[in-house]
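Per the numbering used here, the sequence shown starts with residue 259, numbered consecutively.
Glycine included, every Cβ here is placed at the ideal spot set by N, Cα and C.
Everything below concerns the one structure shown next.
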Amino acid sequence: MFVLSGKNGKPLYSQIYQQIRNHILSGNLRPGTKLSSSRHLSKELCVSRNTVDMAYQQLVSEGYLVGKSRSGYYIEALDNINIPVLMETKAKEEAILSEPLTAPKYNLQYGKLETAIFPFRKWRQLTNKCLRDDKEQIMNYGQVQGEPGLGTAISEFLREYRGVECTANQIVIGPGTQYCLTLACQLIQPSTTTIAIENPGFWAARSIFSNMGLRVIPIPVKKHGLQVKQLRMTDAKAVYVTPSHQFPTGNIMSIARRLELVEWAYKSDAIIIEDDYSCHLRYNVRPIQALQALAPDQVVYIGSFSKILSPSIRVAYMVLPQKLVDHFLLTAEHFPCSVPFLIQKPLELFLKEGEWGSHLRKITRHMKKKRDILIQALKDEFGDAVSISGENAGLHLLVQVKSPLPEQELVMRALQIGVLIHPAGNLWLNQKDAPFGTVLLGYGGITLEDIYPAVHLLRQVWLGDEKGVMGTGLLTLTFNDCMVDTPL
Numbered sequence: 259m260f261v262l263s264g265k266n267g268k269p270l271y272s273q274i275y276q277q278i279r280n281h282i283l284s285g286n287l288r289p290g291t292k293l294s295s296s297r298h299l300s301k302e303l304c305v306s307r308n309t310v311d312m313a314y315q316q317l318v319s320e321g322y323l324v325g326k327s328r329s330g331y332y333i334e335a336l337d338n339i340n341i342p343v344l345m346e347t348k349a350k351e352e353a354i355l356s357e358p359l360t361a362p363k364y365n366l367q368y369g370k371l372e373t374a375i376f377p378f379r380k381w382r383q384l385t386n387k388c389l390r391d392d393k394e395q396i397m398n399y400g401q402v403q404g405e406p407g408l409g410t411a412i413s414e415f416l417r418e419y420r421g422v423e424c425t426a427n428q429i430v431i432g433p434g435t436q437y438c439l440t441l442a443c444q445l446i447q448p449s450t451t452t453i454a455i456e457n458p459g460f461w462a463a464r465s466i467f468s469n470m471g472l473r474v475i476p477i478p479v480k481k482h483g484l485q486v487k488q489l490r491m492t493d494a495k496a497v498y499v500t501p502s503h504q505f506p507t508g509n510i511m512s513i514a515r516r517l518e519l520v521e522w523a524y525k526s527d528a529i530i531i532e533d534d535y536s537c538h539l540r541y542n543v544r545p546i547q548a549l550q551a552l553a554p555d556q557v558v559y560i561g562s563f564s565k566i567l568s569p570s571i572r573v574a575y576m577v578l579p580q581k582l583v584d585h586f587l588l589t590a591e592h593f594p595c596s597v598p599f600l601i602q603k604p605l606e607l608f609l610k611e612g613e614w615g616s617h618l619r620k621i622t623r624h625m626k627k628k629r630d631i632l633i634q635a636l637k638d639e640f641g642d643a644v645s646i647s648g649e650n651a652g653l654h655l656l657v658q659v660k661s662p663l664p665e666q667e668l669v670m671r672a673l674q675i676g677v678l679i680h681p682a683g684n685l686w687l688n689q690k691d692a693p694f695g696t697v698l699l700g701y702g703g704i705t706l707e708d709i710y711p712a713v714h715l716l717r718q719v720w721l722g723d724e725k726g727v728m729g730t731g732l733l734t735l736t737f738n739d740c741m742v743d744t745p746l
């Protein structure tokens, strides 16, 4: 049993690491025992999967665990253990579990969306239409690539909005970006055991590549994008990039850098995995054509509807180079699409009836307004005490706070006054490379009227305030209040 608390000041991954270590040293966990997967344990503890991965990796690096490709983590055999271990007492555990729970008031987590922006009425109409008109299809297993009608609709809007040239037979529909990344790994593994990634970059992608048995090589990201010169010096035959709005810095890969990357891919016969996660939400800059348009034979293009409609829709898609389509059909021949028909068909109609364009314009205006208010609130409250990047697109800002507080302390203090935010250190392969005091502030899930009060509270606990902070009343938190990371 794990007992986590947001009250003791220790990072959550450190608490998980310490408790597993204690159980190993005390003999409660025997050599050879398989631990729960990071996905299962993160759901059980209501923490991010990356938090569990950090604890596991620390235990691996210290020799307590051994990781086996495609199998999981196992307790390593330790000889002659005779070490006194400081364990939490039963009374302390019960005290933590009995602490009162108070729901956080303000949500500045990355990846959230407001309930009010979802087109409930139209979606209900389209779902009812499917229930009335498509009874036969509802009762059948779907095709392996997804519904052909949805594939056609996606190919049409990609051509219009992103300049992506493809046919419906190149599109694979799946339940989320992480599913698509896992599938992409399976497709490239016959030709490579190594993949290069952006550093900093999307933590979930890095975790997926490692869990799939690929050796991950970090490549630094500068102003104009991933450093292709360093990529050329590796033996990687695949690279994962977010060129239209680099996650998390917000940098746009320049056309010169894109052409360099494409040249590398053709010369090396390598695959580029392009994650276009926030391509539609652009504010002060013109949309950039997808990288896929420059090299359709070398790029696996991945997109998602999570950031535009709803994370719970769980619809993402891949555009495969034609040379990988046959390989995919052989690999997934006996597996029907994992996205339910009653999600795919209403989405197809939503696209074909022109609702997508209208909804996209509406949500872009709304998110731009929230982004503008958040930036202004940060400037008003913090002045020169913060630096902001990533503001031209997407649903988050990367914020560096000029204070003596480290990232985990910033996150913990925010939690204590009821503001949920994301740490940013795990975006770097080596967290020591992360700029000191950097956090992610997502504005997709917070209302316009809540932005200023939330930022004001952050200033109080991060920089101090002449009015003091004790009068706000600190919240008592247990593991049920912990952050949950969301996929791109």
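To the nearest angstrom, how far is it from the Cα of E521 to the Cα of A496? 13 Å
Give the secondary structure of T622 by DSSP, where H, G and I count as helix, E and B as strand, and everything else as coil. helix
Determine the burial state of S562: buried for a count of at least 16 other Cβ atoms within 10 Å of its Cβ, exposed for fewer. buried
Assign K603 to buried or exposed, taking buried as 16 or more other Cβ atoms, counted over all protein chains shown, within 10 Å of its Cβ. buried
How would you call M576, buried or exposed, if buried means at least 16 neighbouring beta carbons within 10 angstroms? buried
What would DSSP say about H714, mapped onto helix, strand or coil? helix
Please name the residue or residues paired with V497 in a DSSP beta bridge. A454 and I530
Assuming T492 and A463 are in contact, meaning their beta carbons sit under 8 Å apart, how far apart are those beta carbons, in whole angstroms? Incorrect: roughly 17 Å between the Cβ atoms, too far for contact.
Going along the chain, which residues of its own chain have a beta-carbon closer than 7 Å to the beta-carbon of C595, five neighbours each way excluded? G400, Q401, V402, Q403, G404 and I431
Which two residues bound the contiguous beta strand (DSSP E) that contains K363? It is not in any beta strand (DSSP E) - K363 carries neither H nor E in the DSSP assignment.
Between the segment 459-474 and the segment 628-635, do three or more beta carbon pairs fall short of 8 Å? no
Taking the CB atoms as reference points, tell me whether K660 and V644 lie closer together than 8 Å. yes
Q658 - containing beta strand (DSSP E), residue span: H654 to V659
Can you tell which of E532, H714, T705 and Q666 has its C-alpha closest to the C-alpha of F694? Q666
Whole-angstrom Cβ separation of E518 and V557, contact assumed at under 8 Å? Their Cβ separation, rounded to whole angstroms, is 14 Å, which puts E518 and V557 out of contact at 8 Å.
What does M576 pair with, by DSSP beta-bridge criteria? V430 and I560
Straight-line gap, G683 to A590 (C-alpha atoms, nearest Å): 36 Å
Span of the alpha helix (DSSP H) around L287: Segment: none, L287 is in no alpha helix (DSSP H) and carries neither H nor E.
Closer than 7 Å by C-beta to E352: which residues in its own chain qualify, once you throw out the five before and the five after it? Chain order, please. A caution first: E352 carries a pLDDT of 40, below 50, which makes its placement in the model unreliable, though a value can still be read off. Hits under 7 Å: none found.
Euclidean distance between Cα positions of P598 and M397: 11 Å
Measure the beta-carbon distance from V232 to I274 and round it to whole angstroms, keeping in mind my assumption that it falls under 8 Å. The structure shown does not extend to residue 232, since the chain spans only 259 to 746, so no value can be given for it.
State buried or exposed for P681, treating a residue as buried only when at least 16 other CB atoms are found within 10 Å of its CB. buried
Contact between the segment 647-663 and the segment 694-703 is defined here as three or more beta-carbon pairs at a separation below 8 Å; is this criterion met? yes
Output the residue ranges of the alpha helix (DSSP H) runs that lie fully inside the segment 641-702 and measure 4 residues or longer, sorted by chain position. 665-674
Could you tell me which of G330, Q367 and A692 sits nearest to L673, measuring between CA atoms? Q367
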